[in-house]
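Everything in the sequence shown is counted per this note's numbering, starting at 3 for the first residue and increasing by one.
Backbone N, C-alpha and C define an ideal beta-carbon position, used for all residues, glycine too.
Reading through the structure tokens given below for one structure.
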Amino acid sequence: MSGPSRFRRRVSSSPTDFCRGKPASPSAWRWPSRAFTPMRRGPSWTRLCASDLPQRSVSLRTAGFRPARPPFHRPVLRTGPATSSLMRSRHAGAPPMFVTRCEKWLAGIAAIAIALSAVLLVRKAVSVESGGLVFLAICGALMLAIGLVYRITGRSLAIGTVAIGIALLLVVTAALATLNLLLLPLSGGTHDDALVRMDALIGFDWREAMEFAARYPLACEILRYVYQSTSIQLVVLLLVLGFSGRQAEFDRLLLCYTFAAIGVVAWWTLWPSLGTMAYYELPQAVVAAVNPVVDPAYGALLRKVSEVGVTVIDPVRTLGLVAFPSFHTVLALLAIVSAASVRWLFPPMLVLNLLMLPAVVIHGGHHLFDLIGGAVAFLLAMALTDAVLLRGAAPRARRELAARVS
Numbered sequence: 003m004s005g006p007s008r009f010r011r012r013v014s015s016s017p018t019d020f021c022r023g024k025p026a027s028p029s030a031w032r033w034p035s036r037a038f039t040p041m042r043r044g045p046s047w048t049r050l051c052a053s054d055l056p057q058r059s060v061s062l063r064t065a066g067f068r069p070a071r072p073p074f075h076r077p078v079l080r081t082g083p084a085t086s087s088l089m090r091s092r093h094a095g096a097p098p099m100f101v102t103r104c105e106k107w108l109a110g111i112a113a114i115a116i117a118l119s120a121v122l123l124v125r126k127a128v129s130v131e132s133g134g135l136v137f138l139a140i141c142g143a144l145m146l147a148i149g150l151v152y153r154i155t156g157r158s159l160a161i162g163t164v165a166i167g168i169a170l171l172l173v174v175t176a177a178l179a180t181l182n183l184l185l186l187p188l189s190g191g192t193h194d195d196a197l198v199r200m201d202a203l204i205g206f207d208w209r210e211a212m213e214f215a216a217r218y219p220l221a222c223e224i225l226r227y228v229y230q231s232t233s234i235q236l237v238v239l240l241l242v243l244g245f246s247g248r249q250a251e252f253d254r255l256l257l258c259y260t261f262a263a264i265g266v267v268a269w270w271t272l273w274p275s276l277g278t279m280a281y282y283e284l285p286q287a288v289v290a291a292v293n294p295v296v297d298p299a300y301g302a303l304l305r306k307v308s309e310v311g312v313t314v315i316d317p318v319r320t321l322g323l324v325a326f327p328s329f330h331t332v333l334a335l336l337a338i339v340s341a342a343s344v345r346w347l348f349p350p351m352l353v354l355n356l357l358m359l360p361a362v363v364i365h366g367g368h369h370l371f372d373l374i375g376g377a378v379a380f381l382l383a384m385a386l387t388d389a390v391l392l393r394g395a396a397p398r399a400r401r402e403l404a405a406r407v408s
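Next comes the structure, spelled out in structure tokens:
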């Protein structure tokens, strides 16, 4: 006669798991193998360590064990950290999902941006540099193919998730950057003068800030590398989150990046600004000491394209136009939040992206209010991301996801 279900134990490849006598969690049951229940043998319960089990497959029943029924009527699919919610199904035996909700959103946004860009390219008679377009197409298609092969064959869901995510991110970024350039020339002028007045209201003067920074050329050089590290940070975060099985954080990073980019481009279309370097004139000594990434030549180019537009677009090397809200500020805050779930990655990301804030002002040619606008854009994009991810989840998965992203 078998004992009650609370005495059921799990025999695993580790002898100590069974000997500890700890009940296995529901997600740890495997059906029908490796789950056994001790049977009553005399006045006491028999507890048998894994090292005492017969090495051959003959006498598990004769040794006093029988297969234990799982605690649920239907088997629970056990998923490792890399599979996350990707392979779970609401019904037992249903085929696994090969496209996540996040990937559907990214693919749809990329398709819309590419369609709008194609229409504007034809209407404005703007050409696309063929070498950059071919390179981007090959990279995106190759990453997408690798991801689909690894996911469909089941060889590595982590590699599939990371490869597909990076491929979609490349396409979305290039499509939105191209669409932003096709909105030129600006017919109504820019609003940098209003941003200068806003900075003055809180006592900030960009020219004085640059003259102060010129006294510390070594610090300016460090901030220069910090400012140019956003792409590297993004790739590192995608690799770490994807290969560590943090599917919720991985999807959240991709969607928040995309929603923030859409919001920044949409706001800039309605209320454009080019930044401080397009209108301020700095002494040559200050420019030489600071060596800004966005230098006076870059500012002059921004003024020119805002007045006459562009005739050729290279999708690989696009021109950054948006000043308010600052997208570098969005990426800095997004990197801090995304790295919070990785204990060893969070401290360096926090330090690096706190340094990003002065780097945006000094090397990005931004008004101080551009940073405030970037923070607001990040909060709105994050709220929209959480709403999208939680809406399509099942009730239990919704609770788990809300706990992980909170």
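Check each candidate in the options and name the one with the smallest Cα separation from residue i.
i	options	result
E210	P187, D194, V289	V289
S308	P187, V390, Q249	P187
R103	Y282, L257, D207, G205	L257
L144	V164, R157, A127, G156	V164
L135	I154, D316, L335, F329	D316
L304	V390, L183, A334, V237	L183
L108	I148, G205, V292, T175	T175
N355	V296, Y300, L225, A177	L225
D388	V318, A113, D194, A250	A250
Could you pull out every residue in the same chain whose Cβ sits closer than 6 angstroms to the Cβ of residue i, ignoring the five residues on either side in sequence?
i	result
G311	L186, P187
V332	A262, G376, A379, F380
G142	A169, L172, V173
Y152	S158, I161, G162
Could you name the residues that DSSP lists as bridge partners for residue i?
i	result
S129	V314
Taking only three categories from DSSP, how would you classify residue i?
i	result
H368	coil
I114	helix
E223	helix
Q235	helix
A84	Because A84 carries a pLDDT of 36, less than 50, the predicted location of this residue cannot be relied on, and the following value inherits that uncertainty. Here A84 sits in coil by DSSP.
V324	coil
G44	Note on G44: pLDDT 42, under 50, position unreliable in the model; the coordinate value appears next. It is coil, neither helix nor strand.
I166	helix
A361	helix
E283	coil
Going by beta carbon distance, what residues of the same chain come within less than 8 angstroms of residue i, once the five residues before and after it are set aside?
i	result
A221	A215
G205	none
For residue i, I'd like the list of residues in its chain whose CB is within less than 7 angstroms of its CB, leaving aside the five on either flank, ordered along the chain.
i	result
Y282	W208, R209
S119	A177, T180, L181, L184
T232	H330, L333
M200	F371
V242	V344, L347
L352	I338
G244	A160, T163, V164, G167, F252
R125	none
Write down the C-beta distance between residue i and residue j rounded to the nearest angstrom, noting that I regard them as a contact closer than 8 angstroms.
i	j	result
V296	G277	7 angstroms
W270	L323	7 angstroms
F371	F326	7 angstroms
T192	P274	5 angstroms
G301	A280	4 angstroms
V228	A341	At roughly 15 angstroms, the Cβ-Cβ gap does not stay under 8 angstroms, so V228 and A341 are not in contact.
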